[in-house]
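S.K.:
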Amino acid sequence: MSVAAPRLRLDAVRKAFGDAVVLDGVSLDVAAGEVVTFIGASGSGKTTLLRCINLLEPIDDGAILLDGDEISRVGRDPNPVRRRIGIVFQAFNLFPHMSVRRNVTLALTEVLGLDREEARARADGLLERFGLAGRADAYPDRLSGGQQQRVAIVRALAMSPEVLLLDEVTSALDPALVGEVLDVVRELRGSGITMLIATHEMAFAREISDRVCFLDGGRIAESGPPERIFGDAADERTRRFLRRAVPPRD
Amino acid sequence: MAPAPEARAAERRAHERRVRRRSAVVAAASTVAVLAAVVLGVPRLPRWDRVRRSFFDGERFADSLPRLLEAFWLDVRIFAWCTPVIFGLGLVVAILRNSRAPALFPARALTVAYVDVMRGVPVILWIYLVGFGVPGLGLERPWNSPLLWGSVALCLTYGAYVAEVFRAGIESIHEGQRAAARSLGLSASQTMRFVVLPQAVRRVMPPLMNDLVSLQKDVALVSLIGPIEILRQAGIDKSKFANFTPYVAAAAVFLCITIPLTRVADWLVARERRRTAGTVVR
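Sequences listed follow chains R and B, in order. Quick note on numbering: the numbering used here labels position 241 of the first sequence as 253, and the sequence is numbered without any gaps. Quick note on numbering: the numbering used here labels position 180 of the second sequence as 192, and the sequence is numbered without any gaps.
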């Protein structure tokens, strides 16, 4: 590890909803450009962790640092931080009353203050890059689930975030449409963007990650390079989870 | 052996044609039966002749219609200036009621009280209270006009109804929409303006138009504190002729406005659905 501050640091992050402790002291350093996946059973805290990093959920204790700067500080304006940390949701959450292009340009014109021409050029460039050039004027309901999720990724990317959070982006898709979305994520790997990915796609996690974190009971039970986690996990809970989640090869 | 695909398709089309033809025949037959019952049955009622003379007198109808239309112009004007005020008021109240800023707590409390009080009392009572009460303060012309204060009463009551419709629309927008907007760095007010409100307003278009149709009719209540609009004019003509036909004429005038208004609302909703939705399930 270099001596520079990590791109993202989680320091003993705690979050509870009422009596239910969802994150029970999560600590993690993520380097710039690193791809980290979170695996674990439903309810293990993956989604909540990503929502906390984007400041959509306030944390109860601990700290979240972006480039050494504590973004989770109480009373801090979350909007400048969110421009630097994009998130893509399981349910796409596209704006149904706007065309695909407007979905992408909305934050460019209203948050970054780009003029319409610039915003349009940036949106069209990204839509083209991800094979959506012909759909710019369509409304989201006319698109397949895979196309909608790709638009959602483009919408987040258009803000040029340093960190991209992907929250089970293929869980709401037909199996036939999963591939096209994962291809987009593959293309992003190595572009310098830091990605934190919550997923149930074990083969994908194994392929794409620099590091895999297994979440259990609101803690990172085990983390390491994918070969080790999937091949030779040290923690019994990880092994038990993977036995159920990964079909045996024959 | 199963029939060839073309034969199966032809059979299916023939079946659908038969079903359609049978539906058309049944609909036509039942319509004829109902119409016949009304046309033949009603005149046999014992007092029908008297009712026909005092409610459906063609001559009186033609005589009073021009005066009624002229008076109706006042209804149209009251409707026209109340509608934007009501929508503006309703929207502001709904947004305030949904706001979370602590500084707005008094405004929030006020909107709750406003909606409860306005919705809890009949429109006609508010028209009496505001329309007679405020000019009673000894205001100078033109500020003592019952027309003005009657309109204000309509705006206040309908503003409360419309606020509740808007509020229901705002609350019906999924949390994910807000999360997506905020995650892109939009502020709470930008999220409301660009993402929540446009969807909420489209979603509540049908009930809003419904309220507009109600308003169009309730405008006539303003006549009870003085202004001579169509209902009042019909009452004057009724007394002059000693005949109820002017009321029927006034009803016909209202229908000429309210029925097209309802159809326009349906068309707007259908157009919006066609524009954004992939498929329509019938």
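For glycine and all other residues, C-beta sits at the position ideal for the given N, C-alpha and C. It should be emphasised that the depicted structure is a prediction, and the values quoted were computed from it without experimental measurement.
1. For the segment 102-134 of chain R, which residues have a beta carbon sitting closer than 7 angstroms to at least one beta carbon of chain B?
2. On the criterion of 16 or more Cβ atoms from any shown chain inside 10 Å, does residue 138(B) qualify as buried, or is it exposed?
3. Answer yes or no: does any C-beta atom of chain R fall closer than 7 angstroms to that of residue 191(B)?
4. Given that residue 68(R) touches chain B, what residues does it touch there, using C-beta distances under 7 angstroms?
5. Mind checking residue 100(R): buried by the 16 CB within 10 Å criterion, or exposed?
6. Is the segment 236-253 of chain R in contact with the segment 65-72 of chain R, if contact means three or more CB pairs nearer than 8 angstroms?
7. How about residue 158(B) and residue 238(B): do their beta carbons lie closer than 7 angstroms?
8. Among residues of its own chain, excluding the 5 on either side of residue 217(B), which ones have a beta-carbon nearer than 8 angstroms to its beta-carbon?
9. On the three-state DSSP scale, how would you describe residue 100(B)?
10. Rounded C-beta distance between residue 106(R) and residue 163(R)? I'm assuming under 8 angstroms.
11. With H, G and I counted as helix, E and B as strand and the rest as coil, what does DSSP make of residue 144(R)?
12. Could you name the residues that DSSP lists as bridge partners for residue 231(R)?
13. Counting only Cβ pairs nearer than 8 angstroms, list the residues of chain B close to residue 94(R).
14. Relative to the C-alpha of residue 83(B), which candidate in 264(B), 254(B), 245(B) has its C-alpha closest?
15. Give the single residue among 142(B), 126(B), 196(B), 184(B) whose Cα lies nearest to the Cα of residue 172(B).
16. Got a sec, what are the start and stop residues for the beta strand (DSSP E) residue 237(B) sits in?
17. Count the CB pairs spanning the segment 173-183 of chain R and the segment 129-148 of chain R that are closer than 8 angstroms, and state whether there are at least three.
18. Looking at residue 185(B): is its Cβ nearer than 7 angstroms to the Cβ of residue 211(B)?
19. In three-state DSSP terms, what is residue 54(R)?
20. Verify the CB distance criterion: does residue 188(B) have a CB-CB separation below 7 angstroms to chain R?
21. Would you kindly work out how many angstroms separate the C-alpha atoms of residue 162(B) and residue 255(B), rounded to a whole number?
22. Does any C-beta atom of chain B lie closer than 7 angstroms to the C-beta of residue 99(R)?
23. Roughly how many whole angstroms lie between the Cα atoms of residue 10(B) and residue 253(B)?
24. Just to confirm before moving on: does the CB-CB distance between residue 207(B) and residue 189(B) stay below 7 angstroms?
25. Under three-state DSSP, which class holds residue 165(R)?
26. Which same chain residues end up closer than 6 angstroms to residue 77(B) when comparing Cβ atoms and leaving out the 5 residues on each side of it in sequence?
27. If you drop the 5 nearest sequence neighbours on each side, which residues of the same chain put their C-beta closer than 7 angstroms to that of residue 150(R)?
28. Please classify residue 177(R): does DSSP put it in a helix, a strand, or coil?
29. When you compare the CB of residue 228(B) with every CB in chain R, is at least one pair closer than 7 angstroms?
30. What residue from 286(B), 266(B), 248(B), 272(B) has the CA that sits closest to residue 72(B)'s CA?
31. When Cβ atoms are compared, which residues of the segment 170-184 of chain R fall closer than 7 angstroms to chain B?
32. Run through chain R and tell me which residues come within less than 9 angstroms of residue 206(B), C-beta to C-beta.
33. Does any residue of chain B have a CB that is nearer than 7 angstroms to the CB of residue 13(R)?
34. Does any residue of chain R bring its CB to less than 7 angstroms from the CB of residue 114(B)?
35. Enumerate in chain order the residues of its own chain whose CB-to-CB distance from residue 231(R) is below 7 angstroms, with the five nearest sequence positions on each side excluded.
36. Going along the chain, which residues of its own chain have a beta-carbon closer than 7 angstroms to the beta-carbon of residue 228(B), five neighbours each way excluded?
M.R.: Let's see:
1. Of all residues in the segment 102-134 of chain R, 103, 105, 107, 108, 109, 118, 119, 122, 123 have a Cβ within less than 7 angstroms of some Cβ in chain B.
2. buried
3. Closer than 7 angstroms to some Cβ of chain R, the Cβ of residue 191(B) qualifies, so yes.
4. 191, 194, 195
5. buried
6. no
7. yes
8. 277, 280, 281, 284
9. helix
10. The distance from the Cβ of residue 106(R) to that of residue 163(R) is about 6 angstroms, consistent with a contact at the 8 angstroms cut-off.
11. Of the three classes helix, strand and coil, the one that applies to residue 144(R) here is coil, per DSSP.
12. In the DSSP output, where bridge partners are listed per residue, residue 231(R) has 228(R).
13. 194, 195, 196, 197
14. 245(B)
15. 126(B)
16. Looking at the DSSP string, residue 237(B) is not in any beta strand (DSSP E), and its letter there is neither H nor E.
17. no
18. yes
19. coil
20. yes
21. 29 angstroms
22. yes
23. The shown model of chain B, from 13 to 294, leaves out residue 10(B), and the question about it has no answer.
24. Taking 7 angstroms as the Cβ cut-off, residue 207(B) and residue 189(B) qualify as a contacting pair.
25. helix
26. 261
27. 111, 112
28. Residue 177(R) falls in the strand class under three-state DSSP.
29. no
30. 248(B)
31. 171
32. 107, 110, 118, 122
33. With a pLDDT of only 47 at residue 13(R), under 50, the local geometry of the prediction cannot be trusted, and no value is derived from it.
34. no
35. Taken in chain order, the residues that qualify are 36, 37, 38.
36. 91, 269, 270, 273
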